[in-house]
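Residue numbers (our numbering), protein chains in the order written: chain B, -8 to 367; chain S, -8 to 367.
Yeah, the Cβ is synthetic: ideal placement off N, Cα and C, and Gly gets one too.
Taking it in order: structure first as structure tokens, then the write-up.
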């Protein structure tokens, strides 16, 4: 099967994303050809390291490349100051210098944490990403957003830091739980909804082979990276247009906060799926788009097995006013005004500033009134 | 007295350094005219806040600008992960957004710590520096190096992050202990020795008025900022030429490590003064420069009250091999080879890569044999 390469053009910080099946087995060869130095640290989590680390170490040994493994706990809790400090301490103890390289092998948590560490150790050290989840391959592999969480919210501390190379092994995704694959798929759909109506139509036809792992999977991931790269290239530091990538995320983040980031109830991509439907419904309410559009999007996400409305979240949710607080806390707030990504049609998303809080609240009240908590 | 403005040209990240006496009293007016927003945090230390914070708060109130004070302990120990986390927590608790501003009011420690916090909170938030030490005004105010220390060494974790504005009040320096003023002066001399022989000659003539606070002080600080800016503009991220600014620092840092960063024995600028003399002596030893040059530099630094040789450091020092370990640990090491800033004459410094370790060791042995520990 063909390997696709997407180049993210950011002048001196440009890099390639190599996408294809079984790349992890060839990764050492790709890395060896990219590496200017011989000192290498690899940050991964306990789950991923058990599956891939030994093979990885063995094949690097063939190239006489030593490796310093740094294994952290799996899960969102590792995106914290204490774990960041531990990772940095391991890197410094191994005496890595600016020209050396840190590899992130794992999902979004590992990528965000490792990228942040790489960005601040000695004010920036080489960084290669090997994302092992669909979400990480289509989202965090492009654009250099790195960071950790604090008690005040998610991703509130971090840097923009671009990797030197991303290796996305599409076969690794076969071992993902279906629910996680679906959640990553929501981000793929998002690119269609932002400004690629043709891609959305293609997904409506081809989503099954994206899921089953055909050439269409490589294609869908490559297209997603390409679309995201185009936005990031025009606005690396999110001064404007890049905010479009937050389609579905303002509502989605509020729902994640509302469920206390309980992965049994809601995971990020599911929040984004519901959030995208809400963003489209809210656009209809503001007379910006037609209700047919909402139905079409809801149908596709539902067919792919994703939740599409607040009522699909198990357990009780806070009231509209509490959700409004979470929305206002979201970092996409500019000087107190609410900024939303809304749409005028299929693949016609835009940044709406100064959205009236009262409208959002009324809309949420309506959505929540239909929410029946089956566990009560 | 005239106020000087030095512009650091870094495209979108360009900023002004305003230099002159009594600027702290006018700072609020300058800030108010620069500020796009109204939320403002000010990070300072216990010593500085006692002198300047109340006045500062009062005069900002005139412009209806609220202020969130964040006061940390004075001293190098605040450049640590725990203090960084505290500062970030205060900023996030105050709900500062990307368009808001954090002011660093203090010396190098406050500037480095606050700049790092500003660079990583929400992946970058506005930052204004009001340096209150001579060292901070002529060194850390230009170039955006920020960071904290770890058990592995100084400044090993940080980012390059440029302020939006620097306000250097030259009258504030009258309250500095003489020893600290002298240490800052060593960095001023450094610019002459790197590539400004004319400036060095000017300093030989005018250093007394720089110390006493005449227009020459403003001039010397403005020149230093201008010289450093020129280097930084050509090499913002220290890929090459910027390393010249480390003249005297490789030896200097090793001596600081050797004295355990005990400020009673040696402070940074003093280490740099001795380090600059050593770098020139070492250049003579390698037949790169004449011994007259060493004498001239030693004389000027000595006249200005600075230590100029290892024997001037009180207390016992480790042996040459231990010092060699400290030198190799210094972050200016590239793939194991020793890089030094050496010189071919007055103001003719250059980056020497692959300096033989044996030569450095022999040189240090010689220097240390003359070191008599008076406290033994």
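Helix, strand or coil at residue i according to DSSP, with G and I counted as helix
i: residue 117 of chain B; result: strand
i: residue 74 of chain S; result: helix
i: residue 144 of chain B; result: strand
i: residue 158 of chain B; result: strand
i: residue 36 of chain B; result: strand
i: residue 224 of chain B; result: helix
i: residue 54 of chain B; result: coil
i: residue 95 of chain S; result: strand
i: residue 20 of chain S; result: helix
i: residue 45 of chain B; result: helix
i: residue 110 of chain B; result: helix
i: residue 136 of chain S; result: strand
i: residue -2 of chain S; result: strand
i: residue 31 of chain S; result: strand
i: residue 11 of chain B; result: strand
i: residue 163 of chain B; result: helix
i: residue 62 of chain B; result: strand
Close beta carbons around residue i, own chain, < 7 Å, minus the five adjacent residues each side
i: residue 280 of chain S; result: 271, 274, 334, 335, 336
i: residue 156 of chain B; result: 6, 7, 25, 119
i: residue 212 of chain S; result: 10, 128, 129, 159, 161
i: residue 74 of chain B; result: 63, 104
i: residue 240 of chain S; result: 263, 266
i: residue -2 of chain S; result: 5, 7
i: residue 198 of chain S; result: 295
Neighbourhood of residue i by C-beta, 8 Å cutoff - its chain only, sequence neighbours within 5 removed
i: residue 82 of chain S; result: 32, 59, 61, 93, 108, 112, 116
i: residue 341 of chain B; result: 235, 332, 333, 334, 335
i: residue 13 of chain B; result: 160, 162
i: residue 195 of chain B; result: 291
i: residue 85 of chain S; result: 30, 32, 59
i: residue -6 of chain S; result: 9, 10, 11, 14, 209
i: residue 276 of chain B; result: 350, 354
i: residue 256 of chain S; result: 250, 304, 305, 306
i: residue 217 of chain B; result: -3
Sequence-distant residues of the same chain with beta carbon closer than 6 Å to residue i, five excluded per side
i: residue 142 of chain S; result: none
i: residue 186 of chain S; result: 338
i: residue 2 of chain S; result: none
i: residue 282 of chain S; result: 275
i: residue -4 of chain S; result: 7, 9
i: residue 192 of chain S; result: none
Distance cut-off 8 Å: residue i Cβ against heavy atoms of the ligand ADP
i: residue 58 of chain S; result: Annotation note on the ligand ADP: not contained in the displayed structure, which lists no ligands.
Review point. What are the residues of the segment 65 to 84 of chain S that lie near chain B, defined by any Cβ-Cβ distance shorter than 8 Å?
Key: 72, 76, 79, 80, 83, 84
**Study point:** Entirely enclosed alpha helix (DSSP H) segments - the segment 241 to 288 of chain B, minimum 4 residues
**Key:** 259 to 276
Practice item. Could you tell me which uninterrupted alpha helix (DSSP H) segments, each at least 4 residues in length, are contained entirely in the segment 168 to 203 of chain B, listed from first to last along the chain? Key: 169 to 186, 188 to 203
Check your understanding: Using Cβ-Cβ distances below 7 Å, what residues of the segment 93 to 107 of chain S are close to chain B?
Key -> none
Review point. Of all the alpha helix (DSSP H) runs that stay within the bounds of the segment 289 to 362 of chain S, which reach a length of 4 or more residues?
Key: 311 to 320, 348 to 360
Check your understanding: Name the residues in the segment 141 to 159 of chain B whose C-beta lies less than 7 Å from a C-beta of chain S; which are they?
Key -> 141, 143, 147, 148, 149, 150, 151
Practice item. Check each residue of the segment 112 to 136 of chain S: if its Cβ is closer than 9 Å to any Cβ of chain B, include it; give the result in chain order. Key: 112, 113, 114, 115, 136
Exercise for review: Pull out every residue of the segment 231 to 262 of chain S whose Cβ sits closer than 8 Å to any Cβ of chain B, in chain order.
Suggested key: none
**Study point:** Contact list for the segment 298 to 318 of chain B against chain S, Cβ threshold 7 Å
**Key:** none
**Study point:** Three CB pairs or more closer than 8 Å across the segment 236 to 247 of chain B and the segment 179 to 196 of chain B
**Key:** yes
Review point. Along the segment 333 to 344 of chain B, what residues have a CB closer than 7 Å to any CB found in chain S?
Key: none
Review point. Taking Cβ-Cβ distances below 7 Å as the criterion, which residues of the segment 266 to 281 of chain S are in contact with chain B?
Key: none
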